[in-house]
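Trainee: All you need for my numbering is the position in the sequence shown, starting with 1, plus 451. Provided herewith is a single structure, encoded as structure tokens, for subsequent inquiry.
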Amino acid sequence: MKTPVSLLLAAAAAIVAGCRSGDIKVSSMGKPYEMFVIAPTELWKGAVGDSIRAYLADEVEMINQPEPRFTLYSMTPAAYQATPNNNRHRNILILKTGGQYAHSDMTARYDTYAEPQLEVTITAPSTDSMAAFLHLYGADLVHLFEITERDRLTVRADKFKDPKIHALIREKFGFEMSIPQGYRVRLDTTNFLWISYELPLASVGFTIYTYPADPVEARNETAGRIIAARNAAVMQVPGPSAGSYMTTGTAFLPDQKMLTVHGRRWMQVRGFWDVMGDFMGGPFINYTTCDTARNRMVAIDGYVYSPSPNNKVPMRNYVRQIEAIFMTVRLPE
């Protein structure tokens, strides 16, 4: 079922709220944050292709190695039609130009040939008009695909959550959070929990902690206060050598912004973590909110460690996994 997107309402949220097919489909192909771009060669190698790459293959923010937002695979319409099951890919972007199109437009279809799947088609009367359209709405296009991928990961986290860790978080901190199976509790102390998923070449973890709220400061929480509280908490996470521990890196300034998730306001702080007394590090994302009902600050801090050389183990998907798992948090207002 098609979901038309008005040029004036091209925001990603409007598209995500569109129709979805109720039919049972085969499983889609491809890894998260991979995308097929179907376009004639002249479009892909020209200004239109440059715009697509500028937006969809732009570098992921706040990770310590260059990685694109999406891994793009381009093919011509003929090649796309000639190869069986190409239409089962999870993310498909189709570009078409021609005199039959009166104006530039964008259409989204969900789960048409497989599930989960998002297929976006952009049509325009000419190459120049499509390039102009992408200049206006390229950021919305990126947001649409990123939110769709994040929602898929969030649904998966809810579906395959570890019931014991879920119950522990609810009992210890009084809120819901779906941690997927495979994560293990590494440390459980007063007002602090460390859990992680260990892989041969990477590690993804969360620390969850609370600390008393100052009613005045809580209304004007800053990245500096959040980082100070973070350092006091995560020093409980040991490093690889005796006496070493996690801390916040100081080489780069953290990035901060406000988010509203399930009706609650959170301060998001992105930065880089180091190990005091050793050589380790990577990106982290901290989410902090004031729980006025309990006069406390609640912090959920996700981090990634992936020291693989030459980007053989991408950080992008691990960072996006942290963002998706956070979206499962439900802390009563």
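A virtual CB, placed ideally from N, CA and C, is assigned to each residue, including glycine. Bear in mind the structure is a predicted one, so any value in this text is a computation, not a measurement.
In this structure, how does DSSP classify Asp591 when only helix, strand and coil are distinguished?
Mentor: Helix at Asp591.
Trainee: Spell out the partners DSSP gives Ser695 in its beta bridges.
Mentor: Its beta-bridge partners do not exist; DSSP assigns none.
Trainee: For the alpha helix (DSSP H) that contains Tyr506, what are its first and last residues?
Mentor: Run containing Tyr506: Ala498 to Leu507, per the alpha helix (DSSP H) assignment.
Trainee: Between the C-alpha atoms of Asn538 and Pro491, what's the straight-line distance to the nearest angstrom?
Mentor: If I take the Cα positions, the gap works out to 17 Å.
Trainee: Spell out whether any CB of chain B is found under 9 Å from the CB atom of Ile514.
Mentor: The structure shown contains no chain B; it holds only a single protein chain.
Trainee: Do the CB positions of Ile736 and Val780 come within less than 9 Å of each other?
Mentor: The answer is no: Cβ separation not under 9 Å.
Trainee: Count the other C-beta atoms from every protein chain shown that fall within 10 angstroms of the C-beta of Ala468, then say buried if there are 16 or more, exposed otherwise.
Mentor: The predicted model places Ala468 with a pLDDT of 39, which falls under 50 and marks its position as unreliable, so this point remains unresolved.
Trainee: Decide if Val477 is buried, meaning its Cβ has at least 16 other Cβ atoms within 10 Å, or exposed.
Mentor: Counting Cβ neighbours within 10 Å, Val477 comes out exposed, since fewer than 16 surround it.
Trainee: Using the C-alpha atoms, what's the distance from Ser629 back to Ser472?
Mentor: Interpretation of Ser472 is limited by its pLDDT of 46, a score under 50 that renders its predicted location unreliable; the figure taken from the coordinates is listed afterwards. The straight-line gap from Cα to Cα measures roughly 26 Å.
Trainee: Compare the Cα-Cα distances from Trp495 to each of Glu485, Glu518, Pro483 and Thr527 and report the closest residue.
Mentor: Looking at the Cα atoms, Thr527 is the closest of the given residues.
Trainee: Would the segment 572-590 count as touching the segment 547-560 if we require 3 or more Cβ pairs under 8 Å?
Mentor: Yes, since at least three Cβ pairs between the segment 572-590 and the segment 547-560 fall closer than 8 Å, the two stretches touch.
Trainee: Could you check which residue in Ile545, Tyr524 and Tyr506 has the C-alpha nearest to that of Leu587?
Mentor: Out of Ile545, Tyr524 and Tyr506, Tyr506 has the C-alpha closest to the C-alpha of Leu587.
Trainee: State the Cα-Cα distance for the pair Ala608 and Ser577, rounded to the nearest angstrom.
Mentor: Roughly 42 Å separates the two Cα atoms.
Trainee: Identify the residues that DSSP records as bridge partners of Ile573: which are they?
Mentor: DSSP output for Ile573 lists Leu546 and Met557 as bridge partner(s).
Trainee: Is Ala533 buried or exposed, if buried means 16 or more other CB atoms sit within 10 Å of its CB?
Mentor: When all chains shown are included, Ala533 counts as exposed.
Trainee: Beta-carbon separation of Val712 and Phe626 under 9 Å?
Mentor: Cβ distance not < 9 Å, so Val712 and Phe626 don't count as in contact.
Trainee: Thinking C-alpha only, which one of Thr698, Ala674, Arg767 and Glu672 is nearest Ala684?
Mentor: Closest option to Ala684, Cα to Cα, is Thr698.
Trainee: According to DSSP, simplified to helix, strand and coil, what is Glu566?
Mentor: Three-state result, Glu566: strand.
Trainee: Just curious, the alpha helix (DSSP H) that Pro714 is in, first and last residue?
Mentor: Just to set this straight, residue 714 is Gly in the shown sequence, not Pro. Where Gly714 is concerned, there is no enclosing alpha helix (DSSP H), given that its DSSP letter is neither H nor E.
Trainee: By how many angstroms is the C-alpha of Met718 removed from the C-alpha of Asp742?
Mentor: Distance between the alpha carbons of Asp742 and Met718: 13 Å.
Trainee: Can you round the beta-carbon distance between Val636 and Thr658 to whole angstroms, since I take them to be within the 8 Å contact cut?
Mentor: That pair is no contact at about 11 Å.
Trainee: If we count the other Cβ atoms within 10 Å of its Cβ and call it buried at 16 or more, is Asn542 buried or exposed?
Mentor: Per the 10 Å Cβ criterion, buried.
Trainee: Whose C-beta lies closer than 6 Å to the C-beta of Arg603 among residues of the same chain, with five residues either side of it excluded?
Mentor: Excluding positions up to five away in sequence, the list reads Pro567.
Trainee: Let me confirm a value: Lys708 is counted as buried when at least 16 other C-beta atoms fall within 10 Å, else exposed. Which label applies?
Mentor: So Lys708 counts as exposed.
Trainee: What are the uninterrupted segments assigned as alpha helix (DSSP H) that are 4 or more residues long and contained completely in the segment 631-692, given in chain order?
Mentor: Fully enclosed alpha helix (DSSP H) runs of 4 or longer: 666-669 and 674-685.
Trainee: Using only alpha-carbon positions, find the residue among Arg767, Pro691, Ser759 and Thr661 that is nearest to Thr392.
Mentor: Because the chain spans 452 through 784 in this model, residue 392 falls outside it and cannot be assessed.
Trainee: Can you tell me the Cα-Cα spacing of Gln822 and Phe584, whole angstroms?
Mentor: No answer is possible for residue 822: it lies beyond the span of the chain, which begins at 452 and ends at 784.
Trainee: Residues bridged to Asn536 by DSSP?
Mentor: None; Asn536 has no bridge partner.
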